[in-house]
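Chains as they are written, first to last, in the working numbering: chain A, 8 to 715; chain B, 17 to 227; chain C, 758 to 990. Quick notes on the structure that follows.
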């Protein structure tokens, strides 16, 4: 039969032992009953031909049996050596039961006070002294209990203790759950005073080093079965059914506490059999005590008894744990207020409470023998080295895919893109061909005179009203010419405004220019020089540049409110005008507001500028007409201000055709007619290009439809 | 402190805007004087803002040249002509013959040539629109443009003929009626948007002047 | 002045060279084109700065002080000076806070001018013009159309105006499926407005092309005249 490993100190004990020979912990937990328990309980009866029973009988008889316990197969050598201890060695001889053992088991033994340490010649001095002290304290001798009945062992154990303060914590608990006895040796045993089978006290010089409790040096062996954890990937092995040590039965004698009586199903200690094997709390040889530790705890500094160092790895349990009837514990009932705080049903994990008889009995640890206890084994009760699998993450396929994706994203960020191959330069054939054709088309009429385009005689419908307005402008008031176009449009607008200025010069109108753009004043100078040079127009007398006014709408508003204050300095002011502003010029003598001008003519290439002048200046104009000379692209956006019953723009002149017709009407060829051929040729090429593009688009659409 | 400063700026913008806006509808002398003063300050600040913008241009290209970034020679040329023109203009005046010479022979030809490039690019763009896009909107766009060009430009033959007159009338009808209707809708939409944007600024819902 | 006038042929050559440099872009982006553009930007910026200083800042800020001395600051002149100095602080991030005051003033003035101008200059007059066009007694001022011909034009004009305005209306209701959809009528009217906008842009495109063609013709004429002056004497 296999040895029993003590759950407290993990020492091997003979198979039939009830208590541990080393630490006096109970080896066989108390079972509550049941067939298995009963069956197992019966086993010790048959197998009680062991040293414990001998000890008991000897204790009763008071004489040693003299028979060494039979050697058991497979027992460690140290055990056999213990058993072969010579009589001359200190310690109880073979078969002799220490008095404290007999006192615990046989309360009928004489009172400790009556026991004289000298009566037993083999009792060590320290034990004798302990007994004397007990006698002095008046420890009542335990009641004797019949040897054969185990039912009264609890009462026997409890009786001498009733007069003491009852141990509230667990008087009916197995031995291993009891608090350690509060007995200390009165005298520290000296080396050599203890029997050989007991650990010898360390020498005086070694005491200082012995600061830590002795640790087993036997390597710890991982459990033989896989430990199911939430992190393990492998199949979860069902935990073994631990043998719950049944609570001890209520003793027949009076005196047991009430709560012990509530556990009538606790089995007798003699019925405890076949406990689940609890691996020793010993690490493997060469491995640290706890996994992951790098040897922070120096075992060399701990003094280990010799017998501990000889302890080998524990053997696997030979008997499966038996399921005993557990303690009849009702499921925990929560108070109403706590029940109200219970989470919603949907989130409440389904907890199945098994019937009491199906609940497992705890077989190890401090709660051994109890039923309905959360399984400590193997998670808590058995220190173990964590499996490699327990640290592995349980990753689903989707999470793995996400992790891969993120990893690729990070790699993409870090990856250096290879230098992009130089893009193959595409020849802009269309642009080259079109540019060449356009340039040739525009240049041909100017060089060879072909093709020749007739100058328009009839202009657009807007031309005549414009000419009429110019014709009706008063000559005694200067005309304000606002030059607000970009130099890029000078090629068109100088051509368009040219005939108008010729007309005005021909009528002798004085012109004052102003601009809200920095490039306006030099452009105005270009216009007036070109228009007035032939008529002898002079700066300061016939025309004047009032200058530049920044600010957009604010500038227009300011000028409309008070023109003299708005432009304090003019542009190209003649030297004879000392103020540098031009307002002292005679041609502007009667002008103090916008409505003092004869007309306001705006030359612009932008719809926004036109709208600004219309919105800001027209309320201040009164009866003064607002005329506009526009680029061809701006005309549609200004027309709504013009084509109304109450127009805000009195006349517009837009586009080269209108200018060419104007020049024709003036009878004075100008810039518009000089570029009319090139303009016409260019427009013709553009028309052909659009037509060809439309034809190509139509053809490809038909072909693609036919293919489809 | 930060919150109060932003409230001050918002109050200034709203207050000033309210005074100027009321001047559109009420012709009261004190209001007109205050409005004129405020607008005058705004014009002055606009001129100074132009100078600050030019200084920023200077610093950007200066750093480009000093750090020799890509294209720094072009920035160096820009800086050279900028400084030369500015110094000459400050010394001799913007209406001096030197500046006019530079304006007429450098700035104007370049800007006019850039505008001339537009003729080629607009023609190519029209060609690509009509060859690649075949939806009704594109068709209307290019078709109307073609008709307007037909009615605008001279013809090789029959410039004053019936057909030419017909297309000229079509062009006028398109520009004076159809395009005018669309343009009026666009103008009204632009005006509504400008009113909404301006009111948001005046009511401090938008604060483009910073915190 | 005479010195500058004598330099005019050189100026013409310079202008022609720069014109060719810019027109070389037709062959593709190149160094000459970029050089010409950077010259233009630098010169335009320098000129704008010089005219802003000469025509605005010196007459408004410097001249009063030089004329009246420090007494000039007794008037309201101190305020523009302070505003200009505060606006200068915007150049550095650490001192940009006080610079918000002049910017707020500019923004307030500009916004109010835009609002007032839009209301009094565009919104009200254009709305009245649209309503007036329905007057059967009205005569088209330009072409003198009356009667049915005019009414047809008025209908087209109004249809264009209204449909364009509907096109810019982007609010919609959510239907049962949660999608924002316009009513069928609004969708159709907006599509018509889109066609009117395309038509207007087509007219503007043709006008822009015509303007650019005129400028191209002027530039070609300039180059040819230079060539003629060299070869023709």
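Glycine included, C-beta positions come from ideal geometry on N, C-alpha and C.
{"query": "Unbroken alpha helix (DSSP H) run spanning residue 657 of chain A, endpoints", "result": "It is not in any alpha helix (DSSP H) - residue 657 of chain A carries neither H nor E in the DSSP assignment."}
{"query": "Partners in chain A for residue 954 of chain C, counting only beta-carbon separations shorter than 9 Å", "result": "None at all; the shortest Cβ gap to chain A is about 11 Å."}
{"query": "Which listed residue (C:904, C:774, C:950, C:760) has its alpha carbon closest to that of residue 124 of chain B", "result": "C:774"}
{"query": "Residue 150 of chain B: contacting residues in chain A (beta-carbon distance under 7 Å)", "result": "704, 708"}
{"query": "Contact check, residue 970 of chain C vs residue 686 of chain A, beta carbons under 9 Å", "result": "yes"}
{"query": "Listed by chain order, chain B residues near residue 782 of chain C by CB distance under 8 Å", "result": "133"}
{"query": "9 Å Cβ cutoff, residue 946 of chain C in contact with chain B", "result": "no"}
{"query": "At least 3 beta-carbon pairs within less than 8 Å: the region 158-166 of chain B vs the region 524-542 of chain A", "result": "no"}
{"query": "Residue 552 of chain A - containing beta strand (DSSP E), residue span", "result": "550-555"}
{"query": "Residues near residue 39 of chain B in its chain [Cβ-Cβ closer than 7 Å; skip 5 each side]", "result": "47, 48, 51"}
{"query": "Test item: CB-CB of residue 864 of chain C and residue 224 of chain B under 9 Å", "result": "yes"}
{"query": "N- and C-terminal bounds of the beta strand (DSSP E) containing residue 488 of chain A", "result": "486-491"}
{"query": "Reference residue 369 of chain A, options A:440, A:36, A:406, closest by Cα", "result": "A:36"}
{"query": "Residues, ordered as in the chain, of the region 414-442 of chain A that lie near chain B by beta-carbon distance below 7 Å", "result": "437, 438, 441, 442"}
{"query": "Contact with chain C by residue 559 of chain A, beta-carbon distance below 9 Å", "result": "yes"}
{"query": "Contact belief for residue 771 of chain C with residue 129 of chain B at Cβ below 8 Å, rounded distance in angstroms", "result": "Residue 771 of chain C to residue 129 of chain B, Cβ: 13 Å. No contact."}
{"query": "Same chain, Cβ closer than 7 Å to residue 680 of chain A, neighbours up to 5 away in sequence not counted", "result": "462, 667, 670"}
{"query": "Backbone CA spacing between residue 737 of chain C and residue 90 of chain B [nearest angstrom]", "result": "Given a span of 758 to 990 for chain C in the structure shown, any question on residue 737 of chain C remains unanswerable."}
{"query": "Residue 967 of chain C versus residue 219 of chain B: straight-line alpha-carbon distance, rounded", "result": "44 Å"}
{"query": "Distance, residue 846 of chain C Cα to residue 852 of chain C Cα", "result": "5 Å"}
{"query": "Integer-rounded CB distance, given that residue 195 of chain B should sit under 8 Å from residue 960 of chain C", "result": "4 Å"}
{"query": "Opposing strand residues paired with residue 884 of chain C [DSSP bridges]", "result": "For residue 884 of chain C, which the question treats as bridged, DSSP gives no partner whatsoever."}
{"query": "Buried versus exposed call for residue 362 of chain A [16 or more other C-beta atoms within 10 Å across all chains shown]", "result": "exposed"}
{"query": "Residue 120 of chain B versus residue 426 of chain A: straight-line alpha-carbon distance, rounded", "result": "45 Å"}
{"query": "Continuous beta strand (DSSP E) stretch holding residue 520 of chain A: start and end", "result": "518-522"}
{"query": "Alpha-carbon spacing of residue 513 of chain A relative to residue 557 of chain A, whole angstroms", "result": "32 Å"}
{"query": "Residue from A:552, A:600, A:133 with nearest C-alpha to residue 587 of chain A", "result": "A:552"}
{"query": "Residues near residue 494 of chain A in its chain [Cβ-Cβ closer than 7 Å; skip 5 each side]", "result": "526, 530"}
{"query": "Rounded distance between the beta-carbons of residue 861 of chain C and residue 25 of chain B, thought under 8 Å", "result": "4 Å"}
{"query": "Residue 675 of chain A (DSSP reduced to helix, strand or coil)", "result": "coil"}
{"query": "Under 8 Å from the C-beta of residue 454 of chain A: neighbouring residues of chain C", "result": "981"}
{"query": "Beta-carbon gap between residue 108 of chain B and residue 765 of chain C smaller than 9 Å", "result": "no"}
{"query": "Integer-rounded CB distance, given that residue 193 of chain B should sit under 8 Å from residue 910 of chain C", "result": "5 Å"}
{"query": "Status (buried if at least 16 other CB within 10 Å, exposed otherwise) for residue 987 of chain C", "result": "exposed"}
{"query": "Contact between the region 785-802 of chain C and the region 136-150 of chain B (3+ Cβ pairs under 8 Å)", "result": "no"}
{"query": "Residue 885 of chain C burial status per 10 Å Cβ neighbour count (16 or more: buried)", "result": "exposed"}
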